[in-house]
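Data block below; observations after.
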Amino acid sequence: MKNLLAYGLILTSYFTNLPVALAEASDYVPEPLLLRSEALGQLFRSSPYAQRIRLGEEGAARLSFSRTYANFWGRDKRYIVDAETRDDAFRFHYQPSPLFELYGAFSERGFTQSGTDTVAIKFHDFFGLGQDGRLDAPRHNTRIAIPDFDMNYNLSSVKEVLSRQIEAGVVWDLNKSFDLGINSSLAFFTTYETARGNPYYTYAIDGGAKLSASQSWGNFAVFGSLSLGVFDQRQEVSIASYEQQWGLGFGSSYRFFDNHEVILQSLTYQPLFQKMGQLSRESYEIHAAYRYTYEKVQLEIGLIENIFWVYNSPDWGVSAGLTYHFAN
Numbered sequence: 000m001k002n003l004l005a006y007g008l009i010l011t012s013y014f015t016n017l018p019v020a021l022a023e024a025s026d027y028v029p030e031p032l033l034l035r036s037e038a039l040g041q042l043f044r045s046s047p048y049a050q051r052i053r054l055g056e057e058g059a060a061r062l063s064f065s066r067t068y069a070n071f072w073g074r075d076k077r078y079i080v081d082a083e084t085r086d087d088a089f090r091f092h093y094q095p096s097p098l099f100e101l102y103g104a105f106s107e108r109g110f111t112q113s114g115t116d117t118v119a120i121k122f123h124d125f126f127g128l129g130q131d132g133r134l135d136a137p138r139h140n141t142r143i144a145i146p147d148f149d150m151n152y153n154l155s156s157v158k159e160v161l162s163r164q165i166e167a168g169v170v171w172d173l174n175k176s177f178d179l180g181i182n183s184s185l186a187f188f189t190t191y192e193t194a195r196g197n198p199y200y201t202y203a204i205d206g207g208a209k210l211s212a213s214q215s216w217g218n219f220a221v222f223g224s225l226s227l228g229v230f231d232q233r234q235e236v237s238i239a240s241y242e243q244q245w246g247l248g249f250g251s252s253y254r255f256f257d258n259h260e261v262i263l264q265s266l267t268y269q270p271l272f273q274k275m276g277q278l279s280r281e282s283y284e285i286h287a288a289y290r291y292t293y294e295k296v297q298l299e300i301g302l303i304e305n306i307f308w309v310y311n312s313p314d315w316g317v318s319a320g321l322t323y324h325f326a327n
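Okay, here's the thing in structure tokens:
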């Protein structure tokens, strides 16, 4: 938790010292990215997406679909991680009032063979980064082995679903409710696990809350979030995990030509696993994305890169998302 708070303070200091002279405060508030944490621990339990920081008008509705590919590589005396994963999600949002938004979602995470190993190797070569044994391993392999906890995934597990969740939540616009002077919202969510291949257990019910806020100047905005996830502990499993998990998110976005945006965000989460070496440390990810809006349709593409502890989060990843707004 100390590392998490220190990281948050550094980013907070950076954002609060941005030159406000860029422009006067504006009403620009970026839409949430269709990207969430792809850290290894997040594959198996509830992992929240970003929510709208400022809600629209009553009756507003939108439908989103996203797919993310992530590449993992890491080895330690306690584990071996060499895999490619996919993360698919459908989400529907509806506002019954100006103050509240309801949403439902279906997501599925599992292994894949998408050819991301080659890109990772070329990326490391281009920047002169070490391969850490990757060149000696088979390309496009699927292997996650943690002997101490009897976890073993291999090529025969490629079609296995690690997590298949049904999610429901509500988003509350705090600024509209209390005139806080800053765009902010609070979300409450719960997930229901249905995948039989989940290493914890099927029918787990997780939940949590997420507080988000943003400030903008002209076409430039900064945003941040604080989340708390609480995990179902009703059934004992061999993989020891914590009962709760705090997360921090910070980012900035810039809008140009009215319908183009570039977004940069960082996500930091406390560990899920216990007693697994580097897998039991905080995860740090950087997401960079581009979004294009055409009338009621939004298209976004994003990249994922890990920092600091590189074994417990994706070596790299790529995502694409599409959103259709029925009403604003």
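Residue numbers (numbering that gives the first Met the number 0): 0 to 327.
Cβ coordinates follow ideal geometry from the N, Cα and C atoms, glycine included.
Under the 10 Å beta carbon count, Ala326 is surrounded by fewer than 16 other beta carbons and is classified as exposed. Counting only the Cα atoms, Gly40 lies some 9 angstroms from Ser282. Non-local C-beta neighbours of Thr201 in its own chain, meaning closer than 8 angstroms and more than five positions away in sequence, comprise Glu192, Thr193, Ala194 and Arg195, ordered along the chain. Annotation: the continuous beta strand (DSSP E) that includes Leu247 extends over Gln243 to Phe255. The count of Cβ pairs closer than 8 angstroms, one atom from the region 154-172 and one from the region 96-107, reaches three, so the stretches are in contact. By the C-beta density criterion, Gln214 is buried, having at least 16 other C-beta atoms within 10 angstroms. Per DSSP, the beta-bridge partners of Asn151 are Ala144.
Less than 9 angstroms divides the Cβ of Glu299 from the Cβ of Gly320.
When the five nearest sequence neighbours on each side are left out, the beta carbons in the same chain lying within less than 8 angstroms of the beta carbon of Gln94 are those of Leu54, Gly55, Glu56, Glu57, Gly58, Ala59, Ala60, Glu100 and Leu101, in order along the chain. Annotation for Val296: Leu321, Thr322, Tyr323 and His324 place their beta carbon closer than 8 angstroms to its own, counting only its chain and skipping 5 residues before and after. Three or more beta-carbon pairs drawn from the region 147-162 and the region 107-118 are found closer than 8 angstroms, and the two stretches are therefore classed as touching. His139 and Val157 have their alpha carbons spaced roughly 11 angstroms apart. In the three-state reduction of the DSSP assignment, Leu321 falls in the strand class. Annotation: the continuous beta strand (DSSP E) that includes Lys209 extends over Ile204 to Trp216.
Contact between the region 254-263 and the region 74-85 is absent, with fewer than three C-beta pairs closer than 8 angstroms. Boundaries of the alpha helix (DSSP H) around Phe177: Leu173 to Phe177. Burial check for Tyr293: the Cβ neighbour count within 10 Å stays below 16, so the residue is exposed. Leu154 counts as exposed, since fewer than 16 other C-beta atoms from the protein chains shown sit within 10 angstroms of its C-beta.
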